[in-house]
Amino acid sequence: MCIQLRGMLSVLLAVTCLSVVSMVDAADSPILAEIRFHPRAGADKNAGVWVDGQYVGFVKELNGAKKVMLLPGKHEIVARQAWYKDYVEQAVLEPGEVHNVQISLMKDARTPSGDATGELKISATPSRAVVFVDGQFV
């Protein structure tokens, strides 16, 4: 009986702890730093964002519930858009910091002329897959 009661108490304690932990929102954590993106133009809003080499989404999506929260330390932030030069920023983040990233993409001089372009339709799973053609994010 005593062993059964201890087992039940252990399970109850574990469930309670997990419930409390799940209620804590990462956005309220004083340890994490937040990245806020401020695009200048339409191409900037539609750029893909990578943090430390990992794709995190499009600039226009990265706010509200999908905001970027990072551990303190040095991070590389890259914004990419087809036919534009990559925007690269190194940021050293402090706990609780809100770091603003002003994205301003510049046209790439290597943009092909109109007669050198074509059209390609891609159907991918997952539907929001990141696609590169000749090393360029499209």
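The numbering of the sequence shown is the working numbering, which starts it at 15 and goes up by one.
Each residue gets a CB set at the ideal place from its N, CA and C atoms; glycine is no exception.
Under 9 Å between C-beta atoms of residue i and residue j
{"i": "A93", "j": "F146", "result": "no"}
{"i": "G62", "j": "Q95", "result": "yes"}
{"i": "E205", "j": "V144", "result": "Here the chain has residues from 15 to 152 only, and residue 205 is not among them."}
{"i": "L76", "j": "I45", "result": "no"}
{"i": "G87", "j": "V106", "result": "yes"}
Collapsed DSSP secondary structure at residue i in the structure displayed
{"i": "E133", "result": "coil"}
{"i": "A57", "result": "helix"}
{"i": "R94", "result": "strand"}
{"i": "A79", "result": "helix"}
Per-residue burial, residue i [other beta carbons within 10 Å of its own, 16 or more giving buried]
{"i": "P53", "result": "buried"}
{"i": "L119", "result": "buried"}
{"i": "D122", "result": "exposed"}
{"i": "I91", "result": "buried"}
{"i": "D66", "result": "exposed"}
Near the ligand HEM: residue i beta-carbon under 8 Å from a heavy atom
{"i": "L134", "result": "The ligand HEM is not part of this structure, which contains no ligands at all."}
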